[in-house]
Amino acid sequence: MDANPRPIKIGELLVRVGSLKPEELEHAIGLAGETGLPIGRVLIMSGYLTDHELQSAVQAQSLIKDKIIDLELALKALAIVGEKSVSLEEALTSLGWIAARPHTSAKLGELLLEAELISEAQLSESLRTSHETGLPLGRILVLTQAVSDELLSAALTAQVLVRDGKIAREHAIQGLKSAKRRRVTIEVSLMDHGFYRPPFRQTVKLGELFVLSGLVNEGDLMNALELGLLRELPIGQVLVQSGFVSKETLNAALKFQGMVANGTLNALQASEALRQVATHEISIAQAVAELGLLKPEPNDAIRLSDILKAAGVINDDDIRRAVEMSWKNSALIGKMLLVTGMIDEAMLHASLRCQFLLREGFLNMEQAIVALSHCQRNRVSFDDALQELGWTINTRMIYENA
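Residue numbers (this note's numbering): 12 to 413.
Given below as structure tokens:
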């Protein structure tokens with residue numbers, strides 16, 4: 012058996028086995044494009060295939076993708092299905108195939124069924140509806156109220172963890188049962204059972220970053236995640252192919268995800284910067300530089316500007332000018348961040364030194380971000396950070412201190 016079988020489309024599989032002619036497939040593809048219906052549904056409605064033939068081909072495609080059977084065996088079995096109208100399992104058995112007892116696949120329906128979150132009848136009906144409508148199985152299960160959005164999210168997360176080899180299939184099933192019973196996330200359930208240990212470093216999932224930024228809603232994210240698992244594609248690629256985000260936005264999101272991982276930004280800051288990049292078409296460096304890091308005052312707080320306005324001392328234009336001037340004054344902004352406890356004195360000095368080197372052209376924004384992050388993590392000066400990173404910056408200040 013080929014260790015890495017080439018992915019094969021349903022139409023190609025049916026043509027190769029002789030159940031469908033190339034011109035029939037081409038006609039059905041055209042109709043599917045015109046009507047928006049799934050290709051499988053069009054093939055049945057056009058009388059090119061029976062429902063049994065299509066379902067057998069879908070099942071064979073799945074077995075090939077999971078490396079349970081190879082293409083040659085699948086073609087022989089599908090030929091028998093067409094000739095004798097038997098099930099695919101019966102056709103495979105007649106060819107001497109014996110299913111392996113250990114079942115290691117982690118399909119969404121199987122996980123939900125074995126975790127006793129849905130019944131066989133619900134799964135069968137939802138699979139049929141999914142094939143007819145082209146909607147992902149998970150979305151059908153939510154729409155029919157067989158599972159909640161939270162349980163679907165948990166099952167998809169469990170699928171990813173099994174696929175990535177981070178947990179075993181049986182652990183995923185036990186974790187899903189516990190997650191529903193205790194009403195906790197799948198990660199918490201798995202951790203409490205000792206099945207999973209999250210990364211030590213701060214991380215944010217790519218999908219979460221898009222949702223936090225408001226660029227993708229949770230329903231669309233669940234659909235994309237399920238499609239990614241079915242097609243064995245990264246979630247970002249599915250979001251681009253589905254038209255939810257552009258390729259440029261995806262690249263920016265991946266860079267912001269890296270900044271969260273290395274401690275440069277937290278998840279909320281990264282999502283806000285991503286939103287700015289996507290909606291205002293600014294650079295990553297500019298979005299990071301323009302992040303507003305000051306905490307807003309409570310809604311019921313009495314602000315100085317309100318008192319001065321009420322007394323007639325200043326007006327709205329005066330406040331706007333003052334805000335604009337304050338943002339242009341680096342020392343003032345630094346002092347504000349220092350007073351509010353968001354940075355300490357060492358970081359203030361490091362950031363001012365960093366700004367000087369940026370302004371003079373000795374560093375670019377990406378180098379500055381990495382160096383400042385190094386300062387914060389290792390509690391060293393900015394120049395020591397540059398030295399430890401192996402960057403030689405020949406500035407006038409360094410020459411004078413030499």
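Backbone N, C-alpha and C fix where the C-beta goes; we use that ideal spot for every residue, glycine too.
Same chain, Cβ closer than 7 Å to residue 401, five either side skipped, listed in chain order: Hits under 7 Å: none found.
List in chain order: all unbroken alpha helix (DSSP H) runs of 4+ residues lying wholly within the stretch 24 to 55. Within the stretch 24 to 55, the runs of alpha helix (DSSP H) that reach at least 4 residues and sit entirely inside it are, in chain order, 33 to 46.
From what residue to what residue does the alpha helix (DSSP H) around residue 362 run? Note, residue 362: alpha helix (DSSP H), 356 to 370.
Which of helix, strand or coil DSSP assigns to residue 204: Residue 204 carries a coil assignment under DSSP once its states are collapsed to helix, strand and coil.
Proximity to residue 20 [Cα-Cα], best of 50, 38, 281 and 374: 50
According to the Cβ coordinates, are residue 92 and residue 64 closer than 9 Å? Closer than 9 Å, so yes.
Range of the contiguous alpha helix (DSSP H) that encloses residue 181: 180 to 193
Would you mind sorting residue 364 into buried or exposed? The rule is 16 or more other CB atoms within 10 Å of its CB. It is buried - the Cβ of residue 364 has at least 16 other Cβ atoms within 10 Å.
Within the same chain, show all residues whose beta-carbon is closer than 7 Å to that of residue 99, passing over the 5 residues directly before and after it, in chain order. These residues qualify, in order along the chain: 67, 70, 71, 88 and 92.
Contact between the stretch 220 to 230 and the stretch 201 to 208: three or more CB pairs below 8 Å? no
If you measure between the beta carbons of residue 168 and residue 151, is that distance less than 9 Å? no
Less than 9 Å between the beta carbons of residue 278 and residue 271, yes or no? Contact: yes.
Using only alpha-carbon positions, find the residue among 199, 240 and 155 that is nearest to residue 76. 240
For residue 105 and residue 38, the rounded distance between their alpha carbons: In a straight line, the C-alpha of residue 38 is about 34 Å away from that of residue 105.
Segment contact flag, the stretch 116 to 136 with the stretch 148 to 162, C-beta cutoff 8 Å, min 3 pairs: yes
Please report how far the alpha carbon of residue 181 lies from the alpha carbon of residue 188, in whole angstroms. Near 11 Å, if we compare the C-alpha coordinates of residue 188 and residue 181.
Applying the criterion that 16 or more other CB atoms from any shown protein chain within 10 Å of the CB defines a buried residue, is residue 237 buried or exposed? Residue 237 is buried by the Cβ-count criterion.
Cα-Cα, which of 388, 267 and 190 is closest to residue 203? 190
Could you tell me the alpha carbon to alpha carbon distance between residue 398 and residue 274, rounded to whole angstroms? 20 Å
Along the chain, where does the alpha helix (DSSP H) that runs through residue 104 open and close? 99 to 105
Is DSSP giving residue 156 helix, strand or coil here? coil
Taking C-alpha atoms, which residue in 54, 29, 30 and 28 lies nearest to residue 40? 54 is the residue among 54, 29, 30 and 28 whose C-alpha sits nearest the C-alpha of residue 40.
Please confirm whether residue 178 and residue 146 have their CB atoms less than 9 Å apart. no
Using a 10 Å radius around the Cβ and a threshold of 16 neighbouring Cβ atoms, would you call residue 302 buried or exposed? exposed
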